[in-house]
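Engineer: Taken in order, the sequence shown gives residues 1 to 170; the numbers are from full-length UniProt numbering. The beta carbon of each residue, even a glycine, is placed where N, CA and C say it ideally should be. All figures in this text were calculated on a predicted structure; none of them were measured in a lab.
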Amino acid sequence: MNPMEEVVIAKATLNIGVGESGERLSRAMDLLSNLTGQDPVKTFSKVTNPEFGIRKHQPIACKVTLRGEKADKAIKMVLDGIGNTLREKQFDDQGNVSFGIAEHIDIPGIRYDPDIGIFGMNVSVTFEKPGYRIKRRKIQQKKIPKRHMVKKEETIKYMKDNFQVNIDQE
């Protein structure tokens, strides 16, 4: 197989949406840093929503972006928590996959800590092929041709081969 056609993980993003700033957000940030060993960043609301008590530019969530070996380890850890099963509709047409876990204590090896509480989280995994750097570089930036884009089927095959994931056809 051509090495330029090989699908690799570009990054994995773990996100915990709290919906408010303050104590709960700081506990969610502590949880993410304990799970990943990396400092999370706060994400801010884009709009004001009085029904939920959210103001524009208020911190309401936190996320951490993992690359390389850390990303593989985190994906494997969270997939164990959901039973290594994903649905086909969780894969998008650009070859990315997103899934959630209802409670972080479902992850094997993680115990309940009353100081932190229980949080659910979303995981988004972005895939790419070698050569995608031309899309991000500053000088001579180019587009990726359609034939080199990652497809849904390639991502599903990668997840089955590398993470032993079962895919439900729903």
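Are the beta-carbon atoms of Val165 and Ala12 separated by less than 8 Å?
Structural biologist: No, these two residues do not count as a Cβ contact at 8 Å.
Engineer: Threshold first: 3 residues or longer. Then list the beta strand (DSSP E) segments lying entirely within the stretch 44-116, N to C.
Structural biologist: Whole beta strand (DSSP E) segments, 3+ residues: 59-66, 85-87, 97-101.
Engineer: Shortest alpha-carbon distance to Val47 belongs to which of Phe91, Gln38, Pro40, His57?
Structural biologist: Nearest option by C-alpha distance: His57.
Engineer: For Met29 and Ala10, what's the separation of their Cα atoms in angstroms?
Structural biologist: If I take the Cα positions, the gap works out to 23 Å.
Engineer: Leaving out the 5 sequence neighbours to the left and right, which residues in its chain are closer than 8 Å to Asp106 when beta-carbon positions are compared?
Structural biologist: Hits under 8 Å: Gly81, Ile82.
Engineer: Helix, strand or coil: which one does DSSP assign to Asn2?
Structural biologist: Correct three-state label for Asn2: coil.
Engineer: Measure the C-alpha to C-alpha separation of Lys157 and Ala71 and round it to an integer number of angstroms.
Structural biologist: Answer to the nearest angstrom: the Cα atoms are 18 Å apart.
Engineer: In the DSSP assignment, find the unbroken beta strand (DSSP E) run with Glu128 in it and report its ends.
Structural biologist: That run of the beta strand (DSSP E) goes 121-128.
Engineer: Which residues in the same chain have their Cβ closer than 8 Å to the Cβ of Ser98, if we skip the five residues on either side of it in sequence?
Structural biologist: Here the set comprises Gln90, Asp92, Asn122, Val123, Ser124, Val125.
Engineer: Just verifying my parser: in three-state terms, what is the DSSP assignment at Asp161?
Structural biologist: Three-state result, Asp161: helix.
Engineer: Could you say which of Thr36, Gly17, Asp39, Gly95 lies nearest to Pro59 if we only look at CA atoms?
Structural biologist: Measuring from the Cα of Pro59, the nearest candidate turns out to be Gly17.
Engineer: Along the beta strand (DSSP E) that carries Ile134, what are the first and last residues, could you check?
Structural biologist: Segment 133-136 is the alpha helix (DSSP H) holding Ile134; no beta strand (DSSP E) there.
Engineer: List the whole-angstrom C-beta distance separating Ile168 from Thr85, where the pair is believed to meet the contact cut-off of C-beta under 8 Å.
Structural biologist: Note on residue identity: the sequence assigns Asp, not Ile, to residue 168. Confirmed, Cβ separation roughly 6 Å.
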